[in-house]
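First up is the structure itself, then whatever we jot down about it.
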Amino acid sequence: MKNILSKIPSVTPLYLDHLNTRSGTSPGLWLVMLVPLACSPGLNTAYISCSPTPRLLAFLALQVGVCGIHLYKQMCASGTYDNMRSEDNRESPILLRVLIHPYTPALVTAISLSFLSDIHFTSAILATSSCAWILYELTHWLFRTFPGSFSLGEGAMVGQTGALTITCSLYNLLSTFLLQKNKSEFQEISVFLQTAVLVFSSMVAGLYKFPLLHHPQMFMPYICMCGSVGVAVSSFLLGKWTPLWLLDVVTMTQARLSLLSLWFGLAVFSAAITTWARRKKVLATTVLRKVYHIVIILAFTPGVLLEPAFTHIAAIAAVMFCLVLEMVRVLEIQPIASVVSRAFSSFLDEKDQGTLILSHIYLLAGVASPLWLSPCALYDAEEGSSLSPGSVLPLLAGVLAVGIGDTAASVGGTYFGQKHWSGTKKTVEGSICGVVAQLVAVLVLVFMNIVDMSLKAWGHFFISAALTAVVEALTDQVDNIVLPLLLYTPLMDL
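0 is the number of the first residue of the sequence shown in numbering that gives the first Met the number 0; add one for each residue after it.
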């Protein structure tokens with residue numbers, strides 16, 4: 000046994016000395032704790048009856064957060080990796096080698112799940128070890144395939160998100176297949192979305208595994224084949240033909256049809272203003288990006304308030320569509336790639352330095368992330384009742400932090416800014432404008448009887464908004480994805 004343990008390596012599968020991160024950016028390793036913190040409300044006993052269980056997501060999120068320690072360890076060892084690899088097995092104590100092994104968090108998480116939830120240990124160890132493997136492989140693949148596109152923290156956070164999404168989708172779909180029980184509307188939506196996630200992930204893996212699929216003659220048939228597989232699998236799991244089920248979901252209420260009309264109009268407006276601005280060159284890129292922030296406010300606010308479950312579907316569909324377009328652009332699949340490249344140039348900012356253009360995807364995902372992370376709030380809509388006042392504000396965290404706060408900070412800093420934060424172009428006056436704008440937005444919701452706020456809750460929200468504004472001013476990480484997660488976590492405690 001001692002001989003076996005002595006051969007356990009103490010290094011993580013990520014070799015950070017081989018990674019090409021975005022230039023001029025700090026590592027941002029603190030980002031690895033954002034997703035675990037945002038998922039932590041799932042541990043609350045108030046959500047124990049929710050299905051799919053948020054407790055699995057919360058424990059897996061804590062696991063991938065602990066795995067961030069391995070990232071930090073490897074960053075410190077960067078440049079001395081070859082020496083460390085040869086000396087670790089000889090010099091590190093066996094117990095220490097076990098404790099810092101990259102898969103130790105998976106074992107600890109599996110044991111915790113088996114004791115603190117109704118998940119069997121065998122299922123738990125399969126889920127946690129799969130999550131760890133996907134995390135390491137996906138994060139390494141991101142840095143290797145798209146050099147210069149991420150800071151260390153951003154790449155790790157994207158890897159965490161991908162690992163959690165794929166693992167939870169696999170677990171929930173297998174549970175659905177084995178149990179075959181009657182499902183509520185939101186559970187049916189979950190099955191559909193999780194099938195879409197797995198099919199989409201497989202499609203991306205196939206595109207990068209087989210370069211032959213990059214040819215235009217092969218790309219479209221491949222996309223159609225993946226779509227057909229997705230329809231077949233989801234139809235089997237739902238017990239209904241997916242296109243007809245999806246049509247029923249879309250046309251179930253007048254509010255959903257109205258939202259579709261609104262979103263279509265906003266999409267046409269965004270495309271029109273992008274084309275006009277690119278041809279006339281009359282709007283600065285920064286100003287144009289803030290126009291998109293306003294579009295996001297108009298799209299998500301009524302969606303969250305009226306039909307959060309439906310908006311949940313639409314947001315995932317929009318992000319997947321943008322990811323497909325980005326793949327087409329990066330893989331240079333003509334003639335679409337050149338059109339997409341010209342359109343996406345409007346979204347470029349100083350953080351889009353590498354292979355990928357991710358600003359618009361980060362914006363969509365950041366604003367929608369509270370909908371995806373919320374343990375049980377969307378169930379209220381399924382029963383035909385309005386969301387409870389306590390559940391609305393967390394779902395609007397992305398709209399408040401990025402759509403309203405970030406936009407107001409940018410405009411306020413431009414017109415009133417005089418005192419700059421140390422080492423940045425951001426101004427204190429701009430940050431104050433961002434906080435005030437968020438307070439005014441919440442006040443409007445209170446007057447409309449959408450949100451109920453006590454004096455203590457107001458103080459809690461003010462501190463949360465102020466902290467988010469300071470982070471927005473000082474961080475060099477991508478704020479579109481960081482700020483919503485920062486604001487969402489404390490709002491879950493209101």
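In this text, a Cβ means the ideal position worked out from N, Cα and C, and glycines have one as well.
All figures in this text were calculated on a predicted structure; none of them were measured in a lab.
Starting from the Cα of isoleucine 360, find the closest Cα among Leu36, Ala105 and Val481 and give me that residue.
Taking the sequence shown and counting its residues from 1, the one referred to as residue 360 is at position 361. Looking at the Cα atoms, Val481 is the closest of the given residues.
Should glycine 404 be labelled buried (16 or more other beta-carbon atoms within 10 Å of its own) or exposed?
In the sequence shown, residue 404 corresponds to position 405, counting from 1. It is buried - the Cβ of glycine 404 has at least 16 other Cβ atoms within 10 Å.
Exposure label - asparagine 82; buried when at least 16 CB within 10 Å:
Within the sequence shown, residue 82 is the residue found at index 83, counting from 1. A caution first: asparagine 82 carries a pLDDT of 45, below 50, which makes its placement in the model unreliable, though a value can still be read off. Exposed is the label assigned to asparagine 82, since fewer than 16 other Cβ atoms lie within 10 Å of its Cβ.
Does threonine 241 come out as helix, strand or coil in the three-state DSSP assignment?
Taking the first residue of the sequence shown as position 1, residue 241 is located at position 242. Helix.
Cβ of threonine 175 within 7 Å of Cβ of valine 198?
Within the sequence shown, residue 175 is the residue found at index 176, counting from 1. Within the sequence shown, residue 198 is the residue found at index 199, counting from 1. Going by C-beta atoms, threonine 175 is not nearer than 7 Å to valine 198.
Please report the distance separating the alpha-carbon of serine 260 from that of alanine 271.
Position 261 of the sequence shown, counted from the start, is the residue given in the question as residue 260. Position 272 of the sequence shown, counted from the start, is the residue given in the question as residue 271. Approximately 16 Å between the Cα atoms of the pair.
From serine 128 to alanine 105, what distance separates their C-alpha atoms?
Along the sequence shown, read from residue 1 onward, the residue named residue 128 stands at position 129. Along the sequence shown, read from residue 1 onward, the residue named residue 105 stands at position 106. Straight-line spacing of the CA atoms in serine 128 and alanine 105 works out to 5 Å.
Contact set for lysine 433: own chain, Cβ-Cβ below 6 Å, skip 5 residues either direction:
Your numbering for residue 433 matches position 434 in the sequence shown. The sequence given here has glycine at residue 433, not lysine. So the list reads Gly404, Ala407, Ala408 and Ala468, once near-sequence residues are dropped.
For threonine 274 and tryptophan 132, what's the separation of their Cα atoms in angstroms?
Residue 274 sits at position 275 when you count from the first residue of the sequence shown. Residue 132 sits at position 133 when you count from the first residue of the sequence shown. For threonine 274 and tryptophan 132, the distance between alpha carbons rounds to 43 Å.
Whole angstroms is fine: what's the gap from alanine 380's alpha carbon to serine 453's?
For the purposes of this step, residue 380 is taken as the residue at position 381 of the sequence shown. For the purposes of this step, residue 453 is taken as the residue at position 454 of the sequence shown. Residue placement at alanine 380 is poorly supported in this model, since its pLDDT is 39, which falls under 50; the coordinates still yield a value, given next. Those two C-alpha atoms are separated by around 24 Å.
Hey, could you find the ends of the alpha helix (DSSP H) valine 369 is sitting in?
As a position in the sequence shown, residue 369 is number 370, starting the count at 1. Here residue 369 turns out to be proline, not valine, going by the sequence shown. From DSSP, the alpha helix (DSSP H) with proline 369 extends over 358-372.
Measuring CA to CA, which of Trp371, Lys418 and Gly429 is closest to alanine 37?
For the purposes of this step, residue 37 is taken as the residue at position 38 of the sequence shown. Taking only the C-alpha atoms, the option nearest alanine 37 is Trp371.
What whole-angstrom Cβ distance do glycine 146 and threonine 474 have, given they're in contact under 8 Å?
Walking along the sequence shown from the start, residue 146 turns up at place 147. Walking along the sequence shown from the start, residue 474 turns up at place 475. Contrary to the premise, residue 146 reads as proline rather than glycine in this sequence. 22 Å between Cβ atoms; not a contact.
Three-state secondary structure (DSSP) at threonine 354?
Here residue 354 refers to the residue found at position 355 of the sequence shown. Three-state DSSP puts threonine 354 in coil, outside helix and strand.
Short Cβ contact (7 Å threshold) for isoleucine 449 with valine 398
Within the sequence shown, residue 449 is the residue found at index 450, counting from 1. Within the sequence shown, residue 398 is the residue found at index 399, counting from 1. No.
Cβ contact check for the segment 165-175 and the segment 202-221: 3 or more pairs under 8 Å
At 8 Å Cβ cutoff, the stretches do not touch.
Quick check: the Cα distance between isoleucine 431 and proline 215, rounded to an integer number of angstroms?
One-based indexing of the sequence shown puts residue 431 at position 432. One-based indexing of the sequence shown puts residue 215 at position 216. Taking the straight line from one Cα to the other gives about 50 Å.
Could you pull the start and end residues of the alpha helix (DSSP H) that glycine 412 belongs to?
Along the sequence shown, one-based indexing puts residue 412 at 413. Counting along the chain, the alpha helix (DSSP H) containing glycine 412 begins and ends at 406-415.
Residue span of the alpha helix (DSSP H) that contains isoleucine 312, given as start and end
The residue you call residue 312 lines up with position 313 of the sequence shown. Where isoleucine 312 is concerned, the enclosing alpha helix (DSSP H) stretches over 307-329.
Straight-line CA distance for glutamine 253 to alanine 317?
Translated into the one-based positions of the sequence shown, residue 253 becomes position 254. Translated into the one-based positions of the sequence shown, residue 317 becomes position 318. So the two alpha carbons sit approximately 21 Å from each other.
Since valine 303 and leucine 363 should fall inside the 8 Å C-beta cutoff, what is the C-beta to C-beta distance between them, to a whole number of angstroms?
Counting from 1 along the sequence shown, the entry for residue 303 is found at position 304. Counting from 1 along the sequence shown, the entry for residue 363 is found at position 364. The distance from the Cβ of valine 303 to that of leucine 363 is about 14 Å, inconsistent with a contact at the 8 Å cut-off.
How long is the line joining the alpha carbons of tyrosine 506 and valine 232, rounded to whole angstroms?
Outside the displayed range of the chain (0 to 493) lies residue 506, so it cannot be described from this structure.
Should aspartate 117 go down as buried or exposed, given a rule of 16 or more other Cβ atoms within 10 Å for buried?
Within the sequence shown, numbered from 1, the residue matching residue 117 stands at position 118. Exposed is the call here.
Quick one: grab the DSSP three-state call for threonine 108.
Within the sequence shown, residue 108 is the residue found at index 109, counting from 1. Secondary structure at threonine 108: helix, using DSSP grouped into helix, strand and coil.
Touch test, the segment 153-166 against the segment 137-144, Cβ-Cβ under 8 Å, three pairs minimum:
yes
Assign arginine 89 to buried or exposed, taking buried as 16 or more other Cβ atoms, counted over all protein chains shown, within 10 Å of its Cβ.
Taking the first residue of the sequence shown as 1, we reach residue 89 at position 90. Reliability fails at arginine 89, whose pLDDT of 49 lies under 50, so the model's placement of it is uncertain and no value is given.
For serine 384, which residues of its own chain have a beta-carbon under 7 Å away from its beta-carbon, when the five flanking residues on both sides are left out?
As a working mapping, residue 384 is identified with position 385 in the sequence shown. Since pLDDT at serine 384 reaches only 44, below the 50 mark, its modelled position is unreliable, and no value is offered.
Cβ distance (whole Å) where leucine 237 is taken to contact glutamate 306 below 8 Å:
Locating residue 237 in the sequence shown gives position 238, where the first residue counts as 1. Locating residue 306 in the sequence shown gives position 307, where the first residue counts as 1. Not confirmed; about 20 Å, so no contact.
Going by C-alpha to C-alpha distance, which of Ser373, Lys455 and Leu192 sits closest to glycine 229?
Your numbering for residue 229 matches position 230 in the sequence shown. Taking the Cα of glycine 229 as reference, the smallest distance to any Cα among Ser373, Lys455 and Leu192 is reached at Leu192.
Roughly how many angstroms separate the alpha carbons of arginine 328 and proline 489, rounded to a whole number?
Taking the first residue of the sequence shown as 1, we reach residue 328 at position 329. Taking the first residue of the sequence shown as 1, we reach residue 489 at position 490. Distance from the CA of arginine 328 to the CA of proline 489, rounded to the nearest whole angstrom, comes to 38 Å.
What are the uninterrupted segments assigned as alpha helix (DSSP H) that are 4 or more residues long and contained completely in the segment 249-301, given in chain order?
The segment 249-301 contains these whole alpha helix (DSSP H) runs: 253-279.
Nearest to leucine 438 by alpha carbon, out of Ser421, His459 and Gly422?
For the purposes of this step, residue 438 is taken as residue 439 along the sequence shown, with counting starting at 1. Nearest option by C-alpha distance: His459.
Under the three-state DSSP convention, the category threonine 426 falls into:
The count along the sequence shown starts at 1 and reaches residue 426 at position 427. Strand.
Given a threshold of 16 other Cβ atoms within 10 Å of its Cβ, counted over all protein chains shown, does leucine 211 qualify as buried or as exposed?
Taking the first residue of the sequence shown as position 1, residue 211 is located at position 212. Around the Cβ of leucine 211, a 10 Å sphere holds fewer than 16 other Cβ atoms; the residue is exposed.
Closest to valine 249 by CA distance: which of Ala308, Gly429 and Tyr414 is it?
Taking the first residue of the sequence shown as position 1, residue 249 is located at position 250. Here the closest residue by C-alpha is Ala308.
If contacts are defined as beta-carbon pairs under 8 Å, then phenylalanine 218 and isoleucine 312 qualify, I think. What distance do you get, rounded to the angstrom?
On the sequence shown, residue 218 is found 219 positions in, with the first residue counted as 1. On the sequence shown, residue 312 is found 313 positions in, with the first residue counted as 1. So it is not a contact: roughly 25 Å between Cβ atoms.
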